[in-house]
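Participant: Before anything else, here's the structure in question.
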Amino acid sequence: MIHTALRAVMPTTYLNTWLSRRALRRLIARAELPRPVTDLIADVCARTHLRRSEQLDVARELTAHFQSGLESGASMEDVIAAFGDPKRAARSIARAKRAARHPTIRYLQHAILAVVLLSTSVVLFYAFTLYRYYAGEPNVTRNYLAEIRAPVLAIPDQDRAWPLYVRAIQEFGAIPREIARDGFAAGPGAQTWPFIRKYLAAHTQGLATLREAAGKPVLGFDYADLSWQKAAMRARSPEHPPGMDVPIADNPIVVSILLPHLHELRNAARILAADARIAAEDEDKQRYLANLEAIFGISRQLMSEPFTLSHLVALAVAELAMSVAREQVATDLLGDADLARLASGVARSPARASPGGMIILDLESERVIVEDILQRIFTDDGRGGGRLIEGELGDIERQFGVALPHPLARNGIFPLRALAVASRRKLQDQLDLAMAAAERDQRRPLSAHAQRSCDEEFAKLTDLGLDLAFPIYASMREGDGWAGSLFLTRDHVEAHRAALLTAIAAKRHQLATGAWPTALDQLVPRYLAQAPPDPLDPRSPLRIRTTKDALVIYSAGINKTDDNAQGINDRWLAPPNPGSQTFYDAGTLELWLDNPSTAPQQDDWILILLPN
Amino acid sequence: MSKLDRELMRGAGPAAVLSLLSSREMYGYELVEQLDQRTDGVLKMGQSTLYPLLYNLEAKGLVKGVWRSADSGRDRKYYHLTAAGKKRLARDAEQLTAFSGAMKALGLLARAPAPISHVPVL
Chain L
324 MIHTALRAVM PTTYLNTWLS RRALRRLIAR AELPRPVTDL IADVCARTHL
374 RRSEQLDVAR ELTAHFQSGL ESGASMEDVI AAFGDPKRAA RSIARAKRAA
424 RHPTIRYLQH AILAVVLLST SVVLFYAFTL YRYYAGEPNV TRNYLAEIRA
474 PVLAIPDQDR AWPLYVRAIQ EFGAIPREIA RDGFAAGPGA QTWPFIRKYL
524 AAHTQGLATL REAAGKPVLG FDYADLSWQK AAMRARSPEH PPGMDVPIAD
574 NPIVVSILLP HLHELRNAAR ILAADARIAA EDEDKQRYLA NLEAIFGISR
624 QLMSEPFTLS HLVALAVAEL AMSVAREQVA TDLLGDADLA RLASGVARSP
674 ARASPGGMII LDLESERVIV EDILQRIFTD DGRGGGRLIE GELGDIERQF
724 GVALPHPLAR NGIFPLRALA VASRRKLQDQ LDLAMAAAER DQRRPLSAHA
774 QRSCDEEFAK LTDLGLDLAF PIYASMREGD GWAGSLFLTR DHVEAHRAAL
824 LTAIAAKRHQ LATGAWPTAL DQLVPRYLAQ APPDPLDPRS PLRIRTTKDA
874 LVIYSAGINK TDDNAQGIND RWLAPPNPGS QTFYDAGTLE LWLDNPSTAP
924 QQDDWILILL PN
Chain X
274 MSKLDRELMR GAGPAAVLSL LSSREMYGYE LVEQLDQRTD GVLKMGQSTL
324 YPLLYNLEAK GLVKGVWRSA DSGRDRKYYH LTAAGKKRLA RDAEQLTAFS
374 GAMKALGLLA RAPAPISHVP VL
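Residue numbers (the working numbering), protein chains in the order written: chain L, 324 to 935; chain X, 274 to 395.
See below:
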């Protein structure tokens, strides 16, 4: 009754749709038509799949039609036959009814349909992406830790230096508070110097052990054995119990391999440097030279390690030794034989130069790091390719403590990274290109720094999504340009070494003749195997010039013009913070090398000044 | 005479319905009967074809349907021509006349047919 009243007032409103199928059946039934006819009408209406209100309209019209037909005297069979095929009728009626809808409603329906289809596609695609990301398994075939440990474990115990370093740590014990803050980098004149002198005088055994360790042919540090840290901590801080041992997995990811020995060796070098300065003050040249030889020994041991980071520390240690050596070259402490001994240590550290005169760094660890990442978070199709998967990423993140706080967000979002990360094959190919460029670049001299391009090749790994696939890698790289900085550090050490060898040779000449040399030719071949090249103009040798106060060893600078040692005074090789690893303003140097026009006009680089 | 082919019917059907409605309003079944009888079966269309055609014409605003009670007391939907429908009918008549003239000129027609509105009701 309510339905009838509503229909009377609003015959074709959407209100009728709420009345659903019952209204349709009731309407058809009310027509009191024979069953086959009502079935036909219901069938046609259902087949249209129109809205309920539209179906009601159609049902109403068709019931009126069949009523008219039967009233005209036609038989039921005739009216049914005359109606035609219900399927075709339903299709035609539906098409016509839809075309009759208001355009806005049609557009809205299309838009809703489009949104539904798009949303469904997105959901399906997301589900597929999730499946591909979580269903894949990595194929970890290489155990890099085992590979780098194998040669270490093969070293006879008597040739390994590391156990002696550990003993030295225990022999030194706790570091006094007065020294602990600034460490042993302070030199004579510093406030902590008296404390350093007193402390080292009380630990001569530790110093002797350090020298013995530095004299061993190889370091022999086992990357899987960190048990020594407990003994070290106990010795340094007896009041604080050492922490738990953190077990190292059988095949850990390379980026997780800790190198705590680097800090210890740098510290050892500083202790030896401090004792060398004390020896110089005490005019104990044998101890002075022994300490410098030990520091050079540490740098050589570090250069034999398979990590680029170890080489960086090796360069820093060699630099420290050369800085200490420079302090005494112009004094009367060392005689000719002492200077020859010193020159021998300098020439061999941190490594012997290759025939081209360059220290060649081992960069393979950079390749190993990336390939190890690839084997742990990509599938392996057996042909060098594969797609990004979860793999071991979750475990590695937990290990580094960098996982996203909310697991749902992390597990829901991370698979989408696969859409922006290149395939394993592409990343591997780019890595090969970058490594080849790095090997070429490190063989370019300092003067050709502007042509070094491997950092751009390494940066392309980021473009291909490596940082996205393995976010920890980005934090390790410390920004773009790491390779260029590494090579500049190497160049710096080479230049320092060349200048120092020249200075030692000049001092020996002075001891022999009573005067500084006036040309490098006078030093070759007696004191120098060959004239060292100018680091900024390899076609020319280093330059020397005597003034009334000193002998100046200098480079012609970026403009390659000899300005008679006019220009930048003693900036390049003078460490801003004695003992620190940062020896020069690398940014400024790079700027001048990339754009020579920005370098000062008169820019002879004074490398070493030997006062009369 | 046999029914027209579907393609021809598609063009002629709407014009025929508009023409029938130009004389008076009719309901669906009546339209089917009139088309059959007045054209001697030539424009006979399946009853399931008529209603989609009417809905299309209604959507285009050429006809309008109104529910009313018939003498029998039952509801029927009566269709009548709108102003737009009348204009459309005039245009279709013009085009059909031109069409038949062209066919005659080509020798396809024995004589020019009488306008639809003059076909006698049987």
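All C-beta atoms in this analysis are idealised placements derived from N, C-alpha and C, irrespective of residue type, glycine included.
All of these numbers come straight from a predicted model, not from anything done at the bench.
In angstroms with no decimal places, state the Cα-to-Cα distance between K749(L) and K521(L).
Facilitator: For this step, residue 749(L) is matched to residue 426 along the first sequence. For this step, residue 521(L) is matched to residue 198 along the first sequence. Straight-line Cα distance between these residues: approximately 59 Å.
Participant: Kindly list the residues whose CB is nearer than 8 Å to the CB of R421(L), restricted to its own chain and excluding five residues on each side of it in sequence; keep chain order.
Facilitator: Numbered from its first residue, the first sequence carries residue 421(L) at position 98. So the list reads L373, R429, once near-sequence residues are dropped.
Participant: Do you know offhand how far A599(L)'s Cα is from E494(L)'s?
Facilitator: What you label residue 599(L) is simply residue 276 of the first sequence in a count that begins at 1. What you label residue 494(L) is simply residue 171 of the first sequence in a count that begins at 1. If I take the Cα positions, the gap works out to 19 Å.
Participant: Let me confirm a value: Y611(L) is counted as buried when at least 16 other C-beta atoms fall within 10 Å, else exposed. Which label applies?
Facilitator: Sequence index remark: in the first sequence, residue 611(L) carries index 288 (1-based). The residue in question, Y611(L), is buried, as its Cβ has 16 or more Cβ neighbours within 10 Å.
Participant: Is there at least one Cβ from chain X nearer than 9 Å to R455(L)'s Cβ?
Facilitator: One-based indexing of the first sequence puts residue 455(L) at position 132. No, its Cβ sits nowhere closer than 9 Å to a Cβ of chain X.
Participant: According to DSSP, is G902(L) part of a helix, a strand, or is it coil?
Facilitator: Here residue 902(L) corresponds to residue number 579 of the first sequence, with the count starting at 1. A caution first: G902(L) carries a pLDDT of 34, below 50, which makes its placement in the model unreliable, though a value can still be read off. The DSSP-derived three-state label of G902(L) is coil.
Participant: Quick check on the DSSP output: the alpha helix (DSSP H) that includes W839(L) runs from which residue to which?
Facilitator: Taking the first sequence and counting its residues from 1, the one referred to as residue 839(L) is at position 516. Premise fails: W839(L) is in no alpha helix (DSSP H) and is neither H nor E.
Participant: Could you tell me which uninterrupted beta strand (DSSP E) segments, each at least 3 residues in length, are contained entirely in the stretch 293 to 363 of chain X, listed from first to last along the chain?
Facilitator: 336 to 342, 348 to 354
Participant: Following the continuous beta strand (DSSP E) through D860(L), name the residue where it begins and the one where it ends.
Facilitator: Mapped onto the first sequence, residue 860(L) falls at position 537. Start and end: 860 to 864.
Participant: Which residues in chain L sit within 9 Å of P325(X), going by Cβ to Cβ distance?
Facilitator: Counted from its first residue, the second sequence places residue 325(X) at position 52. Annotation: Cβ neighbours of P325(X) in chain L (cutoff 9 Å, chain order): A412, R414, S415, I416, A417, R418, A419, K420.
Participant: Measuring CA to CA, which of S920(L), H815(L), A354(L) is closest to L635(L)?
Facilitator: Against the first sequence, residue 635(L) aligns to sequence position 312. Of the listed residues, the one whose Cα sits closest to L635(L) is H815(L).
Participant: Can you check whether the CB of A741(L) is closer than 9 Å to the CB of R710(L)?
Facilitator: Residue mapping note: residue 710(L) aligns to position 387 of the first sequence, counting from 1. Residue mapping note: residue 741(L) aligns to position 418 of the first sequence, counting from 1. Cβ atoms of R710(L) and A741(L): closer than 9 Å.
Participant: Cβ closer than 8 Å: which chain L residues qualify as neighbours of Y352(X)?
Facilitator: On the second sequence, residue 352(X) is found 79 positions in, with the first residue counted as 1. In chain L, no part has a C-beta under 8 Å from the C-beta of Y352(X); the shortest such distance is about 10 Å.
Participant: Would a check of beta-carbon distances place G301(X) closer than 9 Å to chain L?
Facilitator: Position 28 of the second sequence, counting from 1, holds the residue named residue 301(X). Yes, G301(X) counts as interfacial toward chain L.
Participant: Using the rule of at least 16 other Cβ atoms within 10 Å of the residue's Cβ for burial, across every protein chain shown, is K539(L) buried or exposed?
Facilitator: In the first sequence, the residue the question calls residue 539(L) occupies position 216. With 16 or more Cβ atoms within 10 Å of its Cβ, K539(L) is classed as buried.
Participant: What residues are listed by DSSP as bridge partners for A873(L)?
Facilitator: Position 550 of the first sequence, counted from the start, is the residue given in the question as residue 873(L). Bridge partners of A873(L): P934(L).
Participant: What are the boundary residues of the alpha helix (DSSP H) that includes K410(L)?
Facilitator: For the purposes of this step, residue 410(L) is identified with residue 87 of the first sequence, where counting begins at 1. Counting along the chain, the alpha helix (DSSP H) containing K410(L) begins and ends at 409 to 422.
Participant: Where are the alpha helix (DSSP H) runs, 4 residues long or more, that stay fully inside the stretch 412 to 484 of chain L, in chain order?
Facilitator: Within the stretch 412 to 484 of chain L, the complete alpha helix (DSSP H) segments of 4 residues or longer fall at 426 to 458, 467 to 476, listed in chain order.
Participant: Check each candidate in V367(L), M758(L), G705(L), V691(L) and name the one with the smallest Cα separation from A469(L).
Facilitator: Reading the first sequence from its first residue, position 146 is the one you call residue 469(L). The candidate whose alpha carbon is nearest that of A469(L) is V691(L).
Participant: Could you check whether the Cβ of V381(L) sits closer than 9 Å to any Cβ belonging to chain X?
Facilitator: As a first step, residue 381(L) is located in the first sequence; it is residue number 58 there, counting from the start. Yes, V381(L) lies at the interface with chain X (some Cβ there is under 9 Å from its Cβ).
Participant: What first and last residue would you give for the alpha helix (DSSP H) that runs through R747(L)?
Facilitator: By 1-based counting over the first sequence, the position of residue 747(L) is 424. Looking at the DSSP string, the run of the alpha helix (DSSP H) that includes R747(L) is 747 to 764.
Participant: In angstroms with no decimal places, state the Cα-to-Cα distance between A555(L) and I601(L).
Facilitator: Locating residue 555(L) in the first sequence gives position 232, where the first residue counts as 1. Locating residue 601(L) in the first sequence gives position 278, where the first residue counts as 1. In a straight line, the C-alpha of A555(L) is about 26 Å away from that of I601(L).
Participant: For P486(L), name the three-state secondary structure that DSSP assigns.
Facilitator: Reading the first sequence from its first residue, position 163 is the one you call residue 486(L). If DSSP states are grouped into helix, strand and coil, P486(L) belongs with the helices.
Participant: By Cβ distance, which residues of its chain are closer than 6 Å to L530(L), with the 5 residues on each side in sequence left out?
Facilitator: Residue 530(L) sits at position 207 when you count from the first residue of the first sequence. Excluding residues within five positions, the ones whose Cβ falls inside 6 Å are D598.
Participant: Inspect the CB distances between the stretch 401 to 419 of chain L and the stretch 449 to 469 of chain L and report whether three or more fall short of 8 Å.
Facilitator: no
Participant: Mind pulling the chain L residues with CB within less than 7 Å of T322(X)?
Facilitator: Residue numbering aside, residue 322(X) sits at position 49 when the second sequence is read from its first letter. Per Cβ cutoff of 7 Å: G407, S415.
Participant: Under a three-way DSSP split, which group does V402(L) fall into?
Facilitator: The sequence position of residue 402(L) within the first sequence is 79, counting from 1. Correct three-state label for V402(L): helix.
Participant: Taking the alpha-carbon of Y877(L) as reference, which of N918(L), L933(L), S920(L) has the nearest alpha-carbon?
Facilitator: One-based indexing of the first sequence puts residue 877(L) at position 554. For Y877(L), the nearest C-alpha among the options comes from L933(L).
Participant: What is the DSSP secondary structure of R504(L), counted as helix, strand or coil?
Facilitator: Here residue 504(L) is taken as the residue at index 181 of the first sequence, counted from 1. It is coil, neither helix nor strand.
Participant: With distance defined between alpha-carbon atoms, name the residue in R557(L), P517(L), A829(L), G496(L) nearest to H526(L).
Facilitator: By one-based count along the first sequence, residue 526(L) stands at place 203. Closest option to H526(L), Cα to Cα, is G496(L).
Participant: For a contact meaning CB atoms closer than 8 Å, what does R348(X) contact in chain L?
Facilitator: The residue given as residue 348(X) occupies position 75 in the second sequence. Reading off the sequence shown, one finds Asp at residue 348(X), where the question assumed Arg. Chain L residues near D348(X): R383, A387.
Participant: Out of P359(L), L665(L), D718(L), point me to the one whose CA is closest to L851(L)'s CA.
Facilitator: Sequence index remark: in the first sequence, residue 851(L) carries index 528 (1-based). That would be L665(L), whose Cα lies nearest to the Cα of L851(L).
Participant: Are S622(L) and A648(L) closer than 9 Å when you measure CB to CB?
Facilitator: If you number the first sequence from 1, residue 622(L) lands on position 299. If you number the first sequence from 1, residue 648(L) lands on position 325. Their beta carbons are not under 9 Å apart, which means S622(L) does not touch A648(L) by this criterion.
Participant: Between Q378(L) and chain X, is there a C-beta pair that is closer than 9 Å?
Facilitator: The residue labelled residue 378(L) in the question sits at position 55 within the first sequence. No, its Cβ sits nowhere closer than 9 Å to a Cβ of chain X.
Participant: Look at the alpha carbon of R414(L) and the alpha carbon of D366(L), and state the distance between them as a whole number of angstroms.
Facilitator: Looking up residue 414(L) in the first sequence gives position 91. Looking up residue 366(L) in the first sequence gives position 43. When rounded, the distance between both Cα atoms is 12 Å.
Participant: Compute the beta-carbon to beta-carbon distance between F619(L) and R671(L), rounded to the nearest angstrom, for a pair I have assumed lies under 8 Å.
Facilitator: In the first sequence, residue 619(L) corresponds to position 296, counting from 1. In the first sequence, residue 671(L) corresponds to position 348, counting from 1. Indeed they touch by this definition, with Cβ atoms about 7 Å apart.
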